[in-house]
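Undergrad: If you scroll down you'll find the structure; I have some questions about it.
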Amino acid sequence: MLLAFPLLTHAQKPTQAQLQAALNDPYTIAFNEGYQAESLGKVRDAEAAYDRAVERAESPVDRVFALSRRGAMRARLGLWKQARADLAAALELEPDNLTAGFALLEVARGQGDFRAAADTLRRLEGLVAKYPNERTLQTQLALETPRTTAAWGDLQGALAQYQEAQAVLAATDDLAQVAQVQRETARVLLGLNDKPGARALALEALGTDLRRVGTSRRRPSSDWLQRGDRPVAEGLLLLADCQLALGERKAARENYHLAWQLAFRLVSPNELYRADLGRARASLQALQAGEKPLFFDADVAGVADLTGYEDFPVIRFEALGLLGEIQLAQGQPAAAIRSFQQAVGLVEATRAAATAAEKQNFLALQSDYYRWLTEAYVREGDAWSALAASEALKARQLRETLTADAAVGESFAATVARLQTLPAALDGSTAIVSYANADWSRTEPVAFVITGAGLAAVRLPLAALPALAGKLPLADVLAAQKKEVDARRYDLGDEIGLAGIVAYLRDCIYCEPEQMQARVEPMFATAGILHELLFGPIEARLAGKNRLLVSPSGLLAYLPFDILIGPTNRALVQDYAVTLTPSLLVTQTLAARAPGTYERPLLGFGGAVYNPEGYDQVMANVPAMKQQFDKLVGVRQAVFAGSPYAGRFGPQSNLAGTKTEVLMINELVPGSRIELGRAVSEGNIRALAAQGELRKSRVVHFAVHGMAMPAMPEMSGIILSYEDPRPGTPADRDGFLQITEIERLPLRAELVTLSACETGLGAIIAGEGVVGLTSSLFTAGADSVLASLWPVSDASSVYFMQRFYFHHLIQGLPGDLAVAEVKREFISGRAGGFRHPQYWAPFNLYGGREALPGR
Numbered sequence: 001m002l003l004a005f006p007l008l009t010h011a012q013k014p015t016q017a018q019l020q021a022a023l024n025d026p027y028t029i030a031f032n033e034g035y036q037a038e039s040l041g042k043v044r045d046a047e048a049a050y051d052r053a054v055e056r057a058e059s060p061v062d063r064v065f066a067l068s069r070r071g072a073m074r075a076r077l078g079l080w081k082q083a084r085a086d087l088a089a090a091l092e093l094e095p096d097n098l099t100a101g102f103a104l105l106e107v108a109r110g111q112g113d114f115r116a117a118a119d120t121l122r123r124l125e126g127l128v129a130k131y132p133n134e135r136t137l138q139t140q141l142a143l144e145t146p147r148t149t150a151a152w153g154d155l156q157g158a159l160a161q162y163q164e165a166q167a168v169l170a171a172t173d174d175l176a177q178v179a180q181v182q183r184e185t186a187r188v189l190l191g192l193n194d195k196p197g198a199r200a201l202a203l204e205a206l207g208t209d210l211r212r213v214g215t216s217r218r219r220p221s222s223d224w225l226q227r228g229d230r231p232v233a234e235g236l237l238l239l240a241d242c243q244l245a246l247g248e249r250k251a252a253r254e255n256y257h258l259a260w261q262l263a264f265r266l267v268s269p270n271e272l273y274r275a276d277l278g279r280a281r282a283s284l285q286a287l288q289a290g291e292k293p294l295f296f297d298a299d300v301a302g303v304a305d306l307t308g309y310e311d312f313p314v315i316r317f318e319a320l321g322l323l324g325e326i327q328l329a330q331g332q333p334a335a336a337i338r339s340f341q342q343a344v345g346l347v348e349a350t351r352a353a354a355t356a357a358e359k360q361n362f363l364a365l366q367s368d369y370y371r372w373l374t375e376a377y378v379r380e381g382d383a384w385s386a387l388a389a390s391e392a393l394k395a396r397q398l399r400e401t402l403t404a405d406a407a408v409g410e411s412f413a414a415t416v417a418r419l420q421t422l423p424a425a426l427d428g429s430t431a432i433v434s435y436a437n438a439d440w441s442r443t444e445p446v447a448f449v450i451t452g453a454g455l456a457a458v459r460l461p462l463a464a465l466p467a468l469a470g471k472l473p474l475a476d477v478l479a480a481q482k483k484e485v486d487a488r489r490y491d492l493g494d495e496i497g498l499a500g501i502v503a504y505l506r507d508c509i510y511c512e513p514e515q516m517q518a519r520v521e522p523m524f525a526t527a528g529i530l531h532e533l534l535f536g537p538i539e540a541r542l543a544g545k546n547r548l549l550v551s552p553s554g555l556l557a558y559l560p561f562d563i564l565i566g567p568t569n570r571a572l573v574q575d576y577a578v579t580l581t582p583s584l585l586v587t588q589t590l591a592a593r594a595p596g597t598y599e600r601p602l603l604g605f606g607g608a609v610y611n612p613e614g615y616d617q618v619m620a621n622v623p624a625m626k627q628q629f630d631k632l633v634g635v636r637q638a639v640f641a642g643s644p645y646a647g648r649f650g651p652q653s654n655l656a657g658t659k660t661e662v663l664m665i666n667e668l669v670p671g672s673r674i675e676l677g678r679a680v681s682e683g684n685i686r687a688l689a690a691q692g693e694l695r696k697s698r699v700v701h702f703a704v705h706g707m708a709m710p711a712m713p714e715m716s717g718i719i720l721s722y723e724d725p726r727p728g729t730p731a732d733r734d735g736f737l738q739i740t741e742i743e744r745l746p747l748r749a750e751l752v753t754l755s756a757c758e759t760g761l762g763a764i765i766a767g768e769g770v771v772g773l774t775s776s777l778f779t780a781g782a783d784s785v786l787a788s789l790w791p792v793s794d795a796s797s798v799y800f801m802q803r804f805y806f807h808h809l810i811q812g813l814p815g816d817l818a819v820a821e822v823k824r825e826f827i828s829g830r831a832g833g834f835r836h837p838q839y840w841a842p843f844n845l846y847g848g849r850e851a852l853p854g855r
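Each residue of the sequence shown is one higher than the one before, starting from 1 at the first, in the UniProt record's numbering.
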């Protein structure tokens, strides 16, 4: 319950005579009538009473509280514009009024104005901090934070915040508040696809509300049945949503109907509309199961009405999406396209006013509209528009950063037209493959194949996945899936999905040496299955090509494409040079950059100091490693000492191979510059950047430890030389160059190489793809990035990089062809003891600028 009165000191408390006079005051009578009606759930009566209170208010204080409560009631009635006007008027009279502030926060969320919601929340945090001992205020603020976080789509963050709020709630005996938090947490769990957990908590919340109703001293238990109770209606809606998600259509429909009846008695439009949406979802689910629901036409008509409700943007989002799904199920893709386009338009309008982090989270929350739009265009036979819808959901924030927001307002038609220039930019040896909806279980994924002849959209036969997966040790596949894949997000449970097969292949390749032999057969079997699923349907369209630009979808970004085994037992890299891109639109942006001018071919960093005490001993191996380089089995046994890195990121080892690597590259490539040992520091890199040195090199090479943290991508980075471990060391001297720092480096390199561990990994975020080191380097100014998908052998990396630069910088091969040639050397045995894919498959080239020679 919001505070209805300001905090008073003892000296300010009114006398008995003043209290009696106040009770007979017309304003007080009207305000109390409003308060009583609000307590009984009579929202319209409360709004009318508070309206009278506004008219009768004589003092600014009275007017503020009457406006605040009238605004709150109007928000419940869906009168968002009037509510916002009331609250703005109240805050104009008293800017620090908490009642109006909290009500405005609710209104901003209800209107879908999440930018204003975030700003209001920050302001409230400052105001509430003035009252550290007011438990009611502290509790309310603790709950508003996760509500606003969830509204932006950061459900994991909201769940953590709700869990933190439990400590604040433990001391309350307010059953209404406890039930509300249980409902909100259950809603977040449902959004995270934890259906059983969400249903259990929804039932618990409903039980808490029924206890509140049964023990209420203000309302008899029969009253809420006759007049309705808003929290109970909300609880029934939530329970029905959980039941529907679990396939319990009959029970769900009954609860939607009961919730609708309660909301109707309350005249509560938000709950009424949600009940209408729920009943329509149940009808759609029945239709998809081959049934014809009794009230299907009425349900569809109800949803169609909701698509025009501009005062309820969140409801309108859902209604447009649901109507589009229904239209697709009825075989009406053209009508579905119109519905999904409207939904996407609303998403884009909301994103326009958001911060970068909010844009990313909100797009992830609403990403299904783009996926459905892609599917609708495929069914309509409009392949270019389908591709545009799919690519619009990839690397959005990166693209907007690269174009300095120039592409934010680009129309959908302009995006289609831009993509349609790709065939003319390709030479006869190159094809583009873009995957769509590969991480989504609602439809079959699609591969878009672009050649000089045009575009084709090809369905991928995921229906064959269960039979193909039966050839593998299912327990091991499921274990890999559970370890590496967020099964709740991908709606997998114990069912093996495409993401699980990708995870198992990675497990088979990147394993301990003693496990390699046992995993060879399952590795090749898994690589064959993935080739059959991802390339089998499109292989005929790739005839005559030897270069591929691949735009992955979702978890396919973690897939080492080069190891996929075709029906002739050849790895993909033996026939194609593969480049990956976060988005075809990003590649077009990179290709449009003006070429750089360079003073040197390469700037290399290696042999960083991670443990000063053991450094000289370890680096004594460098001459021997160089002498024995041609004897690769010997190099493979190179000695390096392990010791804790002085920073905060756990044990790191001095790597003799990294110093060997850059020394040999320096000998190979005339005119190069290298930085070794203690010069591989954050301070020195910043000094070189300030001098403009980073922009002078065609290639920048980092042979250092790298760290990818998909759970917290902003913490990913590269680990540099030991500097100063003391507490309070500034971020620019902590020896760890994080992605936010990398983004600000003044690069203009054709290529940045990260010869380090897992530098190609990052968080998979709907609407963005992989967020990590590669994206940060594109932002900094790199045209291409060579990075790895898992930790790489120190010695094998030496060979890989030396041969890569020989082919690329000495012989002049394009980057993708140079990478492919080195991998073929590994496969053929010319790299000695490094034939296993663990040593060559992780390296991927990202960007794709070279794939568009006709740009």
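Built from N, CA and C at the ideal position, the CB exists for glycine as well.
Assuming Ile-718 is part of the alpha helix (DSSP H), what are its boundary residues?
TA: Here Ile-718 belongs to no alpha helix (DSSP H); instead the beta strand (DSSP E) covers 717 to 719.
Undergrad: Look up His-705 in the DSSP assignment and give the residues it is bridged to.
TA: In DSSP, His-705 forms a bridge with Ile-719.
Undergrad: Counting Cβ pairs, one atom from each stretch, are 3 or more of them under 8 Å apart for the segment 838 to 853 and the segment 579 to 590?
TA: Yes, since at least three Cβ pairs between the segment 838 to 853 and the segment 579 to 590 fall closer than 8 Å, the two stretches touch.
Undergrad: Who are the near neighbours of Asp-476 in its chain, counting only those whose CB is closer than 8 Å to its CB and skipping five residues on each side?
TA: Correct list, in chain order: Tyr-504, Asp-507 and Pro-522.
Undergrad: Taking the alpha-carbon of Ala-343 as reference, which of Trp-372, Gln-332, Gln-330 and Arg-541 has the nearest alpha-carbon?
TA: Closest by alpha carbon: Trp-372.
Undergrad: The ligand ADP and Ser-39: does the residue's C-beta get closer than 6 Å to at least one heavy atom of that ligand?
TA: Judged by which ligands are present, the structure shown has none, so any question about the ligand ADP falls away.
Undergrad: How should Thr-99 be labelled, buried or exposed, when 16 other C-beta atoms within 10 angstroms of its C-beta is the threshold for buried?
TA: Answer is buried; the Cβ neighbour count reaches 16.
Undergrad: Measuring CA to CA, which of Arg-519, Leu-468, Gln-515 and Leu-472 is closest to Leu-534?
TA: Of Arg-519, Leu-468, Gln-515 and Leu-472, the residue nearest in Cα terms is Leu-468.
Undergrad: With which residues is Leu-244 paired in a DSSP beta bridge?
TA: BP columns for Leu-244 are empty, so no partner.
Undergrad: Please confirm if the segment 103 to 118 is in contact with the segment 147 to 164, defined as three or more CB-CB distances below 8 Å between the two stretches.
TA: Touching, per the Cβ criterion.
Undergrad: How many Å lie between Ser-672 and Arg-695 at the Cα?
TA: The straight-line gap from Cα to Cα measures roughly 14 Å.
Undergrad: Measure the C-alpha to C-alpha separation of Ala-431 and Pro-552 and round it to an integer number of angstroms.
TA: Taking the straight line joining both Cα atoms gives about 14 Å.
Undergrad: Can you give me the Cβ contacts of Phe-826 inside the same chain, cut-off strictly under 7 Å, excluding the 5 residues immediately before and after it?
TA: Hits under 7 Å: Phe-834, Arg-835, Tyr-839 and Trp-840.
Undergrad: Indicate whether Phe-605 and Phe-736 have their beta-carbon atoms separated by less than 7 Å.
TA: For Phe-605 and Phe-736, no; Cβs fall outside 7 Å.
Undergrad: So does the segment 448 to 467 actually touch the segment 377 to 389, counting three or more Cβ pairs closer than 8 Å?
TA: Output reads yes: the segment 377 to 389 touches the segment 448 to 467.
Undergrad: Going by Cα to Cα distance, which pick from Ala-436, Asn-437, Gly-500 and Leu-137 is closest to Pro-466?
TA: Out of Ala-436, Asn-437, Gly-500 and Leu-137, Gly-500 has the C-alpha closest to the C-alpha of Pro-466.
Undergrad: Please look up how many angstroms separate the CB atoms of residue 863 and Ile-719, rounded, as I've assumed it's under 8 Å.
TA: What the structure shows of the chain is the stretch from 1 to 855, and residue 863 is not part of that stretch, so it cannot be assessed.
Undergrad: Helix, strand or coil, according to DSSP, for Thr-421 in the structure here?
TA: If DSSP states are grouped into helix, strand and coil, Thr-421 belongs with coil.
Undergrad: Does DSSP classify Tyr-435 as helix, strand or coil?
TA: Strand.
Undergrad: Label Leu-262 either buried or exposed according to how many other C-beta atoms from any shown protein chain fall within 10 Å of its C-beta, with 16 as the threshold for buried.
TA: Leu-262 should be labelled buried.
Undergrad: So, do the segment 790 to 799 and the segment 594 to 601 have three or more beta carbon pairs nearer to each other than 8 Å?
TA: Verdict: no, contact absent.
Undergrad: Are the segment 194 to 207 and the segment 164 to 173 touching by the rule of at least three beta carbon pairs closer than 8 Å?
TA: Result no; under three Cβ-Cβ pairs closer than 8 Å.
Undergrad: With distances taken between CB atoms, is the gap from Gln-738 to Gly-772 smaller than 7 Å?
TA: No, they are not a contact pair.
Undergrad: If you count every other CB in all the chains shown that lies within 10 Å of the CB of Asp-241, and 16 or more means buried, which is it?
TA: It counts as buried.
Undergrad: Please determine, among Ala-66, Asn-133 and Glu-58, the residue with the shortest C-alpha to C-alpha distance to Tyr-35.
TA: Closest option to Tyr-35, Cα to Cα, is Ala-66.
Undergrad: What number of angstroms, rounded off, separates the C-alpha of Thr-526 from the C-alpha of Ala-282?
TA: Their backbone Cα atoms lie some 38 Å apart in a straight line.
Undergrad: Pull up the CB-CB distance for residue 858 and Val-798, whole angstroms please, since I reckon it's below 8 Å.
TA: The chain is shown only over 1 to 855; residue 858 falls outside these bounds and no answer can be derived.
Undergrad: Quick check: the Cα distance between Trp-80 and Leu-104, rounded to an integer number of angstroms?
TA: Cα to Cα, Trp-80 sits roughly 10 Å from Leu-104.
Undergrad: Alpha carbon to alpha carbon, how far is Ala-349 from Ala-464?
TA: Rounded to whole angstroms, Ala-349 to Ala-464 spans 40 Å at the Cα level.
Undergrad: For a test of the three-state rule: what should DSSP assign to Phe-629, helix, strand or coil?
TA: With a pLDDT of only 40 at Phe-629, under 50, the local geometry of the prediction cannot be trusted, and the value read off the model is given with reservation. If DSSP states are grouped into helix, strand and coil, Phe-629 belongs with coil.
Undergrad: Taking the alpha helix (DSSP H) that Leu-270 falls in, what are its first and last residues?
TA: Checking the sequence, you will find Asn at residue 270 rather than Leu. Here the alpha helix (DSSP H) through Asn-270 covers 269 to 288.
Undergrad: Going by C-alpha distance, which of Glu-741, Phe-778, Asp-86 and Ser-721 is nearest Arg-748?
TA: The residue with the shortest Cα to Cα distance from Arg-748 is Phe-778.
Undergrad: Less than 7 Å between the beta carbons of Ala-57 and Tyr-27, yes or no?
TA: Cβ atoms of Ala-57 and Tyr-27: closer than 7 Å.
Undergrad: Starting from Tyr-27, follow the alpha helix (DSSP H) in both directions and report where the run begins and ends.
TA: Counting along the chain, the alpha helix (DSSP H) containing Tyr-27 begins and ends at 26 to 39.
Undergrad: What do you get for Ala-592, buried or exposed, if any count of 16 or more other CB atoms within 10 angstroms of its CB means buried?
TA: It counts as exposed.
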